[in-house]
Amino acid sequence: MKLRRARTLVSLAGLALIAAGTMAVLSFGNLCCWRLGWVRFMCPIGFIEVSLAGRTIYWHLVGPFLAVLGLVVLLGRAFCSWLCPSNLVVSGLIGLSGRLSSLPAFKWTARLHDLLARRLPIFDYRDGLALLAGSLAGIALFGYPFLTTFCPIGVITRNVISLFTHFRLGTDLFLLLLPLAAVYLFSFGCISGCPLGSLQRLLSVLSILRPIKETQHCTSCEVCTKNCPAHLDPGAGYDIAACTKCFLCKETCPEKAITVHFGPGPGKRSRNHSKTSTGNHRRLP
Amino acid sequence: MVAMAGAVSRLSVAGSYIRPPGTIAENAFFRRCIKCGMCAEACPTRALDFVGLTLDVKNLGTPKLNVRHGGCIAWRRDCLKCADACPTRAIKKPPRLRDVRMGSIRIDRGECINCLLCFRECPIEGALLFPNPQGAPFTKTREIPSALSQKGSTLKPYVDNSLCTGCGLCAWVCPPRCIDLSSENEIRMRV
Chain A
1 MKLRRARTLV SLAGLALIAA GTMAVLSFGN LCCWRLGWVR FMCPIGFIEV
51 SLAGRTIYWH LVGPFLAVLG LVVLLGRAFC SWLCPSNLVV SGLIGLSGRL
101 SSLPAFKWTA RLHDLLARRL PIFDYRDGLA LLAGSLAGIA LFGYPFLTTF
151 CPIGVITRNV ISLFTHFRLG TDLFLLLLPL AAVYLFSFGC ISGCPLGSLQ
201 RLLSVLSILR PIKETQHCTS CEVCTKNCPA HLDPGAGYDI AACTKCFLCK
251 ETCPEKAITV HFGPGPGKRS RNHSKTSTGN HRRLP
Chain B
1001 MVAMAGAVSR LSVAGSYIRP PGTIAENAFF RRCIKCGMCA EACPTRALDF
1051 VGLTLDVKNL GTPKLNVRHG GCIAWRRDCL KCADACPTRA IKKPPRLRDV
1101 RMGSIRIDRG ECINCLLCFR ECPIEGALLF PNPQGAPFTK TREIPSALSQ
1151 KGSTLKPYVD NSLCTGCGLC AWVCPPRCID LSSENEIRMR V
């Protein structure tokens, strides 16, 4: 569980950096927009939103925007598990609810969760993309970048700023309930629903960090798939774009059969070939 | 989601807020502001906070000046850190700061205790005035005879709203909180 703690610490350090910058009035920005001198690295979703809503191109933001996209192309969804404060809150709450539901007084929460999970549809990454496309269409149509208001990362960021300037939290913290409910009920919220996550997944073509299992050591116990937030099976040529680089699979593998590969790997092109290979692998005893 | 965007932007109640100096017009502002909070982060007086969860969903999370936290010091010394921080130029450095008006103030004469702290804070000479029975109104604290500015005196400071920029510093320091800062839109609505 070392890596899990490391990830929590990194995302907490990110928030602490915002808090320290706010308290010292350094104004180097936050997760929505990071400032380095006169260069502003804005959240890609935010940039697309204001460009659509204002029907203008902010030329001074285009360069940094492309730089951020380049980073996403290289690292994939690494932001999701290493920096996203929303993920921090969500995983914290899920851990808490897991601990609570083991108590006899809270047995009903687990039962409710199971019931809802069986009744409600499970959303896919394509649903997330459809959600994003719909939102962007709405933004372009009505000229109001409404995701900036409801984005849980933005809500948390604003509340950190509010907490460290005026020592109080805003009422918009209630907005967090919406994505939290989505994550709790569909248990796929971060992976499928988040617009930023969907965009990152769409762009993660190179993905230089790839956890891949070595077939000679793998016993097909599927512990990795169970632990993976995206329920991936890190066999050869799996959908690497969905991987959030949390490396829980590597950490939890009882056979230590998973290694992280560096460098541009087989992209989405080799998926057909991969399907057969995983098929063959499954048939092995 | 299209419907949600439409609903949020159409059904939202239009409130009016005291925005930082150099904020572009309200109907263009909501298109540009990404609610990143960098202006509030950069404000040295901590005067900016965010619009909370109200019926005006459209402006949720946008910056507003709160006189309970502070006032704007842009007219007193070189600041405009908010405009500097804004990534989308929803807050721009105004070409002439003198022309910028954030709002205007109103003094509740009944509650005023003539402490004249507002005079000390006001960055613009002549915006706050004290009546002079023998001629032109006083503009400086030291000119005002203490006999005239007793607590129970009927003479109270008043505002020249053609000069007042609405920075809110007077409202921030006012001990009985009898100075009310309202935004330009509100004034227009009242008229």
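Protein chains in written order, with our numbering: chain A, 1 to 285; chain B, 1001 to 1191. Ideal Cβ positions, reconstructed from N, Cα and C, are used throughout, including at glycine.
Which value, in whole angstroms, describes the spacing of the CA atoms of residue 1071(B) and residue 22(A)?
18 Å
Can you give me, in chain order, the residues of the stretch 147–165 of chain A that have a beta carbon less than 7 Å from any beta carbon in chain B?
148, 149, 154, 157, 158, 161, 162, 165
So, residue 1159(B) versus residue 1127(B), is the Cβ gap smaller than 8 Å?
yes
Specify the secondary structure class of residue 239(A) as computed by DSSP and reduced to three states.
coil
CB contact check: residue 193(A) to chain B, cutoff 8 Å:
no
Going along chain B, which residues have a C-beta under 7 Å from residue 259(A)?
Chain B residues near residue 259(A): none, gap ~39 Å exceeds 7 Å.
With a threshold of 8 Å between beta carbons, is residue 1036(B) in contact with chain A?
Under the Cβ distance rule, residue 1036(B) counts among the residues neighbouring chain A, one pair being separated by less than 8 Å.
Could you pull the DSSP bridge partners for residue 33(A) from this structure?
42(A)
Determine the chain B residues that contact residue 40(A) at a beta-carbon separation under 7 Å, and present them in chain order.
1087
Distance check for residue 1066(B) and residue 1039(B), CA to CA, integer angstroms please.
13 Å
At least one CB of chain A closer than 8 Å to the CB of residue 1002(B): is that the case?
Yes, because at least one Cβ of chain A sits closer than 8 Å to the Cβ of residue 1002(B).
Measure the C-alpha to C-alpha separation of residue 147(A) and residue 46(A) and round it to an integer number of angstroms.
Straight-line Cα distance between these residues: approximately 8 Å.
Quick one: what's got a C-beta closer than 6 Å to residue 207(A)'s C-beta in the same chain, skipping five residues either side?
76, 240
When burial is assigned at 16 or more other CB atoms within 10 Å of the CB, is residue 201(A) buried or exposed?
buried
State yes or no: is the beta carbon of residue 123(A) nearer than 8 Å to at least one beta carbon in chain B?
no
Is residue 52(A) near the ligand SAM, going by C-beta to nearest heavy atom under 7 Å?
For the ligand SAM, the structure offers nothing, since it holds no ligand at all.
Runs of 4 residues minimum, wholly inside the stretch 1111–1169 of chain B: which ones carry the alpha helix (DSSP H) assignment?
Listed in chain order, they are 1117–1121.
Please state whether DSSP places residue 256(A) in a helix, a strand or coil.
coil
Is there at least one Cβ from chain A nearer than 8 Å to residue 1013(B)'s Cβ?
No, no contact with chain A.
Following the continuous beta strand (DSSP E) through residue 1104(B), name the residue where it begins and the one where it ends.
1103–1107
Exposure of residue 38(A), with buried meaning 16 or more beta-carbon neighbours within 10 Å:
exposed
Starting from the C-beta of residue 44(A), find all residues in its chain whose C-beta is less than 8 Å away, skip the five residues before and the five after it, and write them out in chain order.
Taken in chain order, the residues that qualify are 65, 68, 69, 72, 196, 199.
Which residue spans inside the stretch 48–106 of chain A form an unbroken alpha helix (DSSP H) run of at least 4?
59–75, 78–82, 85–101
For residue 117(A) and residue 29(A), what's the separation of their Cα atoms in angstroms?
38 Å
So, is residue 272(A) buried or exposed, given that buried needs 16 or more other C-beta atoms within 10 angstroms?
The pLDDT assigned to residue 272(A) is 41, lower than 50, so where the model puts this residue is not dependable; a value taken from the coordinates is nonetheless given after this. The residue is exposed, with fewer than 16 neighbouring Cβ atoms inside 10 Å.
Can the beta-carbon of residue 228(A) be found closer than 8 Å to that of residue 255(A)?
No, the pair does not count as a contact, with Cβ atoms beyond the cut-off.
Quick one: residues in its chain with C-beta nearer than 8 Å to the C-beta of residue 1073(B), no 5 flanking neighbours on either side, listed in chain order?
1044, 1045, 1079, 1123, 1167, 1169
Residues of the stretch 1018–1030 of chain B with a CB closer than 8 Å to any CB of chain A: list them in chain order, please.
1028, 1030
Close beta carbons around residue 74(A), own chain, < 7 Å, minus the five adjacent residues each side:
206, 208
On a Cα-Cα basis, can you pick out the residue from 124(A), 56(A), 101(A) that is closest to residue 114(A)?
101(A)
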